[in-house]
Amino acid sequence: MLDGIQTVKATGLSQTFLQLVQRKRAQETHQMAKYRWSVVWKNMIQNLPWALAPALTFVVYAAQGNELDVTKAFSSLSIITLLTNPASKLLSAIPSITAATGCFDRIQAFLLLPTGPQYIGEGFVRTRETEVDASPHIGGVKYMTSKGSPETPDLPKPVIFMEKLSIRPSSSAKIVLRDVNLEVPLGALVMIRGPVGSGKSTLLRAILGQAVCETGSMAVINQQPAFCAQTPWVPSGTIRDAICGTFSESPIREGAFDQKWYAAVLHACALNLDLDLLRDGDATRIGHGSGHVLSGGQMHRIALARARTGPEN
Numbered sequence: 047m048l049d050g051i052q053t054v055k056a057t058g059l060s061q062t063f064l065q066l067v068q069r070k071r072a073q074e075t076h077q078m079a080k081y082r083w084s085v086v087w088k089n090m091i092q093n094l095p096w097a098l099a100p101a102l103t104f105v106v107y108a109a110q111g112n113e114l115d116v117t118k119a120f121s122s123l124s125i126i127t128l129l130t131n132p133a134s135k136l137l138s139a140i141p142s143i144t145a146a147t148g149c150f151d152r153i154q155a156f157l158l159l160p161t162g163p164q165y166i167g168e169g170f171v172r173t174r175e176t177e178v179d180a181s182p183h184i185g186g187v188k189y190m191t192s193k194g195s196p197e198t199p200d201l202p203k204p205v206i207f208m209e210k211l212s213i214r215p216s217s218s219a220k221i222v223l224r225d226v227n228l229e230v231p232l233g234a235l236v237m238i239r240g241p242v243g244s245g246k247s248t249l250l251r252a253i254l255g256q257a258v259c260e261t262g263s264m265a266v267i268n269q270q271p272a273f274c275a276q277t278p279w280v281p282s283g284t285i286r287d288a289i290c291g292t293f294s295e296s297p298i299r300e301g302a303f304d305q306k307w308y309a310a311v312l313h314a315c316a317l318n319l320d321l322d323l324l325r326d327g328d329a330t331r332i333g334h335g336s337g338h339v340l341s342g343g344q345m346h347r348i349a350l351a352r353a354r355t356g357p358e359n
């Protein structure tokens with residue numbers, strides 16, 4: 047909404063959005079009340095030993111008929127303080143320990159996720175007779191043989207091969223693509239078009255090995271693919287590090303950075319004008335919290351440049 051505040055004001059929807067924001071803030075405040083009360087109870091429990099231990103100790107001591115003088119009182123207070131301080135710290139650490147345990151559980155659940163099938167093999171060359179190394183995880187198929195007639199000329203080397211492939215976005219989702227047959231030769235420009243929800247992104251995720259392939263077979267040449275998603279993602283750091291990676295300034299990989307290629311990629315992705323508008327140029331820090339806020343178009347251009355400057359490209 048902040049990015050389009052001029053449009054909101056121009057269309058006369060300021061009051062409508064103001065009421066919407068106020069309702070959202072009221073909902074957030076109501077949801078945060080439980081957390082705030084938990085903080086209050088935590089602080090109260092944390093201070094209970096320090097506040098109640100001296101009084102309860104002296105009350106019990108006097109109730110037993112013992113005589114309390116100044117010497118015993120101050121000595122007892124010193125001992126009680128030595129005992130209550132560790133107890134207070136222990137009680138204050140319980141919420142942090144609980145939160146850390148929850149983090150460990152999430153990390154453990156992530157580490158125990160099943161590894162997706164690897165469709166990227168050593169590659170293959172399609173000639174009159176070709177053996178394709180298919181994934182053993184799909185349909186139990188290990189090898190497929192394609193035989194052409196003697197009159198068939200040698201075809202270009204394919205980099206992606208699919209045959210009767212059925213794909214679903216996740217293990218719990220429905221199959222969105224059935225019996226997909228696709229062969230992409232090396233150096234080809236392929237465009238996929240279709241209505242929203244037809245499975246275009248799912249097909250790309252299947253090539254990356256991030257979708258569930260139920261039946262059929264697929265093989266991808268052994269290279270590191272570059273993927274630019276519809277919602278771009280760039281790591282935190284400088285723009286140059288986001289495009290080239292930290293290897294560009296690493297002394298271990300000295301000489302790996304190509305300045306001419308980097309300049310050509312910036313020009314091809316129309317990033318020169320964006321960098322000229324920034325005070326620090328490609329040294330401008332980006333990312334959540336402490337970085338420069340980029341527009342959606344700038345994020346897309348940086349992601350595209352990042353894909354073109356990969357070490358395998």
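The number in my numbering is simply the position in the sequence shown, starting from 1, with 46 added.
Ideal Cβ placement from N, Cα and C applies to all residues, glycine included.
Everything numeric in this text was worked out from a predicted model, so none of it was measured.
Judged by DSSP secondary structure, residue 225 falls within the beta strand (DSSP E) whose first and last residues are 223-231. Here the alpha carbons of residue 84 and residue 78 stand approximately 10 Å from one another. Boundaries of the alpha helix (DSSP H) harbouring residue 100: 60-109, taken from the DSSP string. A distance of 8 Å or more separates the beta carbons of residue 271 and residue 346. Burial check for residue 322: the Cβ neighbour count within 10 Å stays below 16, so the residue is exposed. Here residue 283 is bridged, per DSSP, to 332.
Counting of Cβ neighbours within 10 angstroms places residue 152 among the exposed residues, the total staying below 16. By the beta-carbon neighbour count (other beta carbons within 10 angstroms, threshold 16), residue 344 is buried. Counting C-beta atoms within 10 angstroms of its own C-beta, residue 320 has 16 or more neighbours from the protein chains shown and is therefore classed as buried. According to the DSSP secondary-structure assignment, residue 209 is paired through a beta bridge with 263. For residue 347, the uninterrupted alpha helix (DSSP H) run begins and ends at 342-354, by DSSP.
As computed with DSSP, residue 278 is found in no beta bridge at all.
Residue pairing by DSSP places residue 214 opposite 258 in a beta bridge. The C-alpha of residue 93 lies about 13 Å from the C-alpha of residue 139.
By the Cβ neighbour-count rule, residue 264 is buried, with 16 or more other Cβ atoms within 10 Å of its own. Nearest neighbour of residue 328 by Cα position, chosen from 233, 313, 286, turns out to be 286.
Within the same chain, 184, 185, 208, 209, 210, 211, 212, 225, 226 come within 8 Å of residue 262 by CB-CB distance, once the 5 residues on both sides are set aside. Take the alpha-carbon of residue 68 and the one of residue 324: they are about 35 Å apart. The C-alpha of residue 127 lies about 14 Å from the C-alpha of residue 136.
A contact is defined here as three or more CB-CB pairs under 8 Å, and the stretch 143-151 fails this definition with respect to the stretch 110-118. With contacts defined as CB atoms closer than 8 Å, residue 141 and residue 203 fail to qualify as a contacting pair. The residues 284, 285, 324, 338, in chain order, have a CB closer than 7 Å to that of residue 330 in the same chain once the five nearest residues on each side in sequence are set aside. As the crow flies, the alpha-carbon of residue 58 is around 13 Å from that of residue 65. Residue range 116-157 is occupied by the alpha helix (DSSP H) that includes residue 130. At the C-beta level, residue 340 and residue 315 stay beyond 8 Å of one another. Spatial neighbours of residue 159 in its own chain (CB-CB distance under 6 Å, excluding positions within 5 residues in sequence) are not present.
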